[in-house]
Amino acid sequence: MRSDCSNSRRSSSSRRCSSISSSSRSSTSRSSKAAAAAVAAVEAVAAVKAVEAVAAVAVVVAVAAVAAVTAKVAAVAAVTAVTAVAAVDAVVAVAALAAVEAEAVAATAAVAAAAVAAVEPVAAVAAVAAVAEEAVVAEVVAVVSVVKVTAVAVVVVAAAVVVVAVVVVVVAAVAEVVAVVVVIEVVVVVVVGGVVVVVVVVVVVVVVVVVVVVVVVVVVVAVVKIVVVVVVVVVVVVVVVVVVVVLVVEVVVEVVVVVVVAVVVVVVVVAVVVVRLVVVVVVVEVVVVVVVVVVIVVVAVAVAV
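According to the UniProt record's numbering, the residues represented by the sequence shown are 1 to 305, in order.
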């Protein structure tokens, strides 16, 4: 098409070149629109991916929260069960201690009965001694009183020792139950705290990774935009340069053709004029020669006559 423009006449070449320029501009605008559509499509895909990433993060956080709540409820249930078992054990221990105390009281009653049984012969001896002599009776009565007081004191001390032993056993059992419950609670708190810390760390790491991925996607999209714009600008510049070069070449070719044709025409015209002048001169010279010859002949003839 360019060769047709350069080989045709000037008017038709100008019209054809103008149509070529308009078609080039329309193709350039189409490529720009296509590039803009591609950039918009890339932005839409990036936005959809970002929304999907945020939704995934929200799902992970919700699952982690449900897991943490479930673990806490399970820990509370375990502590409650352990506490109930410990309470039952404590009740059983108290019942056992009550049985031991009842046995101790029965033993004390038996000791008191034995003391009374031991005192009764002494009383009989004292009665016999009273019959024998009042002084001996009085002394025996005093001894019996001391024995009775001592027996009562022994019984009271034994009962106090039994009570103290029962209290010590109960306190030891309660302290053991409390210590076990406290240890279980501490273990549960440590385990729950460790699970919560791990879940929080995992959530933070996931959020950081998602944020980094979103930032990288945004940066890549921006770079792709810049590259697309640069490519479009370069393509437009190349098309403009090609069109300008083609137009300049066509104009130069047309000017050269016109100049060459004009020079050829001038040379031909000058040659024709020169040829005509040469022919005229030659004809004139021939005519002059002929006239001179004729004149000479006429003069010679005239002189001869």
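Where is the CB? At the ideal position from N, CA and C, for every residue including glycine.
Return helix, strand or coil for residue i, following the three-state DSSP convention.
| i | result |
| --- | --- |
| Val288 | helix |
Determine, using beta carbons only, whether residue i comes closer than 8 Å to chain B.
| i | result |
| --- | --- |
| Val284 | In summary, chain B is missing from the structure at hand, where a single protein chain is found. |
Run through the stretch 138 to 218 for me and flag every whole alpha helix (DSSP H) of 4 or more residues, listed as ranges in chain order.
-> Segments of the alpha helix (DSSP H) lying fully in the stretch 138 to 218: there are none.
Write down every uninterrupted run of the beta strand (DSSP E) in the stretch 224 to 264 whose length is 3 residues or greater and which is fully enclosed by it, in chain order.
-> Secondary structure remark: continuous beta strand (DSSP E) runs of at least 3 residues inside the stretch 224 to 264: none found.
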